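Encoded as structure tokens, the structure appears first; notes follow it.
Protein chains in written order, with our numbering: chain B, 1 to 422; chain E, 1001 to 1572.
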């Protein structure tokens, strides 16, 4: 007997979860299966919608969407769907800001630049760059992914409307040279006493005491994004109170706590939606011709069929192995959906590191119904839709559009799957 | 003539650095100028084989004898640059038996220790060898880190008073009264302030003698004084795998041919190579078929290579030379021997000697011959000591000492650091400060990076070649920003940004040839990190944004006036 649902979503990242939540809220019986950890642990936790069209920075993503080429996922689903999808995100996912305006915010990055984004976690809110409060950036000696003095110089060179200084301090307590970001977060979550000059002081207080001498009139303080995991609001609040200024986090690369926190918020939203989900087993095969009858999940070495009326493919792109390649070509590994790509491998890339690479747009080809299409343009399976980075034809990294496309196409695919239920 | 001759050595590859060290040790006043960083030319683009001489034992026995002699010398004076992996010439069923016997005899003729082993024994040593390999000849091949070796030679030259100028390009030879009397140099803006020397501007460096050790570029230097040095550059591809599929150098036992060697090198295995003449040593096609040929042909020896992960490919240009009257058609027929061209004897223009041809393994011997030639011109009575005095880093030390505990490093980081640093380990690692790892793929710590920066200045490529940071699986995706952070505040933000961008681009160049499978996934991860998370592709420091037009935060009354339109400021 197959494990049954009306809508089966394959993939547990931003696109998959959004799709499952959208479908469940529209009344479908939904199941989500995902294999490994999603790529959210590698993501900044910011929700970009559209930051650049070509080399032009975008102030209002909704205004700029019509400038994108007509096969771009945003054009396929339409600008109103993008708005509706973001409204669903705002309604169902806790802890994010930015929905008070359709204008992008500029957020500092750990590399010292600022980047345009549409939604940002509460922890990053006091760091927005269109704010003239002078800023102190604080780095930790052993935390090698954030060099605060360099980032401060860079953000000034970028023309930010505030003065920025950076300082590197030693994190209080006994940390190994290569302590993971989660270790810092845990120490701050637990707030255990650490020894300072023979006295026992709470970790948060001890950290604030080390920063205080460097405040020097700065009105806000930015830390690398390690300020707690389970109690991040409380950690930030304590530091702000002790320092007497606003406190924010600067998003970092992997492993990214804001990305992991976003994953937690998404799965809470998924829980609330009533969708069922299971994590840890891959979808390895499918049965069916024009329609997918069932997919096969490999569980503890056995092949377990899962059947549904409608399917959503949200396994990600090259990063998450939702799209794979070898020396001969590029493919989508579960359903073998067509992935357009130049025949010659040496046309997959350009010579400059940030040139317009073909590989950055690898993914399945979909029409406005989000159904993957074969090389000739025919629909691969009538009950399969794709969402997120599995879809090709756009460069999320250059555009800063990854989260937005995942939310918009996830929403659209989930809704459409529900409407199509027989 | 001054009692101490002033010598300018042009070229910072193995030959130039070797000559500079030799002459400096003999008491000459040496300046070495290199257009890029050390090893920028052919030296930094070789397969890292320390020849036993076996490869030349049939076709070129003079070279073979020189190789085994220098192989023994380098094991001694450059122990921290050499890994004695051993090597094998393996024979497949379709390879000629009589050539196998010739190879064995050739090794015997040249005093190269060689032993025949069965296919079974060979597979005991290297389990991934093809099951149909019949037999093999075991020889003392090894792996050598060309970067480390050249840096150590330059450091030794410096200890003996030499001046080392990298990123300094010779723009002209000074010719006065029918004699070459020096060089015109343009110092690049990238130079740091230590080994790198002068940061920018032009300089005339007068010399009693100029040594042209520019390898494939020797013709260009010759042209500056209308000297015809007909180097015949020949390109070869090398494809780097992400792990060591073999721990022994694997050669195919057959007459010259493409794709016939696998060299285990640090954490990688390097597949090589091809031999194709090119017009211009800086501008030649790098093609897909060359990479595919490496993988396909060498998987006949080690089948798992067919589906293995490659992290990048690179091409090197051999500075082949033969006297014009030989006239070989095929570059594979050109001798691997070296030639010393005294332009006074050859062209009637005193003041310069050019060295062309030759091989990395015999760099020291070539250096000795040139240095002998140069000192004889000045009546100096000084013997060569480069074969007897260990290079910095290879002085007496024991890798077995417990450096891990001593410097608070965990295994295998500690072991690898110490292997790279050799006898300098204590000096470099013993900082007493926390020493986190910056490059996880290669296990490179902050202390090593800081030490490299103290030598290489702001050029992160110089730090890369000294430490191997950014040379592993992720090709710098996760560490370049960390390396850049170490440059600050010694170097200002704009310089750091520039050097950071240069290293990103340099790492990209080689990865382009490995973009499929897991490495394409890696490239996409890197691109996402650098472009999405860091926004380096649209850095507002170079592409100004209007901060006032953007969201100033929820419930904020801090919205900026329109007079604060952002302009890229001058940094700090």
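Every residue, glycine too, gets a C-beta built ideally from N, C-alpha and C.
From a predicted model like this one, the values you see are computed outputs, not experimental measurements.
**Closest by C-alpha distance to residue 315 of chain B, when choosing among B:8, B:4, B:3, B:2** = It is B:8.
**Message:** Among B:74, B:238, B:130, B:29, whose alpha-carbon lies nearest the alpha-carbon of residue 1547 of chain E?
**Reply:** B:130
**Request:** Determine, using beta carbons only, whether residue 414 of chain B comes closer than 8 Å to chain E.
**Result:** no
**Asked** Span of the alpha helix (DSSP H) holding residue 61 of chain B?
**Response** Unbroken alpha helix (DSSP H) run through residue 61 of chain B: 61 to 64.
**Asked** Once you ignore the five residues that flank residue 420 of chain B on each side, which residues in its own chain have a CB closer than 6 Å to its CB?
**Response** 310.
**Prompt:** Going by alpha carbons, who is nearest to residue 445 of chain B out of B:65, B:260, B:385?
**Reply:** Outside the displayed span of chain B (1 to 422) sits residue 445 of chain B, for which this structure offers no information.
**Request:** Could you check what DSSP says for residue 1004 of chain E in three-state terms: helix, strand or coil?
**Result:** coil
**Prompt:** Going by beta carbon distance, what residues of the same chain come within less than 6 Å of residue 1053 of chain E, once the five residues before and after it are set aside?
**Reply:** 1064, 1067, 1068, 1110, 1112
**Item:** Cβ neighbours of residue 1477 of chain E in the same chain (closer than 7 Å, five flanking residues each side left out)
**Value:** 1522, 1525, 1526, 1529
**Prompt:** Is it the case that the Cβ atoms of residue 406 of chain B and residue 387 of chain B are separated by a distance below 8 Å?
**Reply:** yes
**Request:** Indicate the three-state DSSP secondary structure (helix, strand or coil) for residue 160 of chain B in the structure shown.
**Result:** coil
**Request:** Check residue 1543 of chain E in the structure and name its three-state DSSP category.
**Result:** coil
**Request:** At 9 Å on the CB atoms, spell out the chain E contacts of residue 42 of chain B, in chain order.
**Result:** 1525, 1528, 1529, 1533
**Straight-line Cα distance separating residue 1486 of chain E from residue 128 of chain B** = 26 Å
**Message:** Against chain B, which members of the region 1454 to 1485 of chain E pass a CB distance test of less than 8 Å?
**Reply:** Legend: CB atoms of the region 1454 to 1485 of chain E lying less than 8 Å from CB atoms of chain B belong to residues 1478, 1481, 1482, 1484, 1485.
**Request:** Report yes or no: is there a C-beta of chain B within less than 8 Å of the C-beta of residue 1508 of chain E?
**Result:** yes
**Message:** Would you say residue 306 of chain B lies against chain E (beta-carbon separation less than 8 Å)?
**Reply:** Put simply, the CB of residue 306 of chain B is far from chain E, with every gap to its CB atoms at 8 Å or more.
**Message:** Please return the same chain residues whose Cβ sits closer than 8 Å to the Cβ of residue 1194 of chain E, not counting the five positions on each side in sequence.
**Reply:** Confidence at residue 1194 of chain E is low in this model, with a pLDDT of 39, below 50, so its placement is unreliable and the value that follows should be read with caution. The residues are 1454, 1455, 1456, 1457.
**Item:** Nearest-angstrom Cα separation, counted from residue 134 of chain B out to residue 1567 of chain E
**Value:** Residue placement at residue 1567 of chain E is flagged as unreliable, the pLDDT there being 41, under the threshold of 50; a coordinate-derived value is accordingly withheld.
**Request:** Would you mind reading off the limits of the beta strand (DSSP E) that contains residue 1269 of chain E?
**Result:** 1268 to 1272
**Prompt:** Is residue 125 of chain B close to chain E, meaning its C-beta is less than 8 Å from at least one C-beta of that chain?
**Reply:** yes
**Asked** Which residues share a DSSP beta bridge with residue 199 of chain B?
**Response** Per DSSP, B:196.
**Request:** Starting from residue 321 of chain B, find everything on chain E with Cβ-Cβ shorter than 7 Å and list it in chain order.
**Result:** 1521
**Prompt:** To the nearest whole angstrom, what separates the beta carbons of residue 251 of chain B and residue 106 of chain B, a pair I think is in contact under 8 Å?
**Reply:** Contact doesn't hold; Cβ gap of about 12 Å is too wide.
**Selection of the region 337 to 367 of chain B by Cβ proximity to chain E, strictly under 8 Å** = 344, 345, 346, 348, 349, 351, 352, 353, 354, 357, 359, 360
**Request:** Note down, in chain order, all residues in the region 98 to 111 of chain B with a beta-carbon under 8 Å from any beta-carbon belonging to chain E.
**Result:** 98, 100, 101, 103, 104, 105, 106, 109, 110, 111
**Request:** Hey, could you find the ends of the alpha helix (DSSP H) residue 1265 of chain E is sitting in?
**Result:** First-last for residue 1265 of chain E: 1261 to 1265, but that is the beta strand (DSSP E), not the alpha helix (DSSP H).
**Request:** For chain B, find out if any of its Cβ atoms is closer than 8 Å to the Cβ of residue 1404 of chain E; answer yes or no.
**Result:** Residue placement at residue 1404 of chain E is poorly supported in this model, since its pLDDT is 49, which falls under 50; the coordinates still yield a value, given next. For residue 1404 of chain E, the answer is no, since every Cβ of chain B falls outside 8 Å of its Cβ.
**Prompt:** Is the CB of residue 1444 of chain E under 8 Å away from at least one CB in chain B?
**Reply:** no
**Prompt:** With C-beta atoms as the reference, is residue 1126 of chain E less than 8 Å away from residue 1239 of chain E?
**Reply:** no
**Residues of the region 396 to 413 of chain B with Cβ closer than 8 Å to any Cβ of chain E, in chain order** = Residues passing the 8 Å Cβ filter: 396, 397, 398, 400, 402.
**Prompt:** If we count the other Cβ atoms within 10 Å of its Cβ and call it buried at 16 or more, is residue 303 of chain B buried or exposed?
**Reply:** exposed
**Item:** In chain order, each beta strand (DSSP E) run of at least 3 residues that lies wholly inside the region 1070 to 1102 of chain E
**Value:** 1087 to 1091
**Request:** Could you list which residues in chain E have their beta carbon closer than 7 Å to that of residue 206 of chain B, in chain order?
**Result:** Those within 7 Å of residue 206 of chain B in chain E number zero; the least Cβ separation is about 17 Å.
**Message:** Less than 8 Å between the beta carbons of residue 1128 of chain E and residue 1246 of chain E, yes or no?
**Reply:** yes
**Request:** Name, please, each residue of chain E whose Cβ falls closer than 9 Å to the Cβ of residue 291 of chain B.
**Result:** Residues of chain E passing the Cβ test: none, with the nearest at roughly 31 Å.
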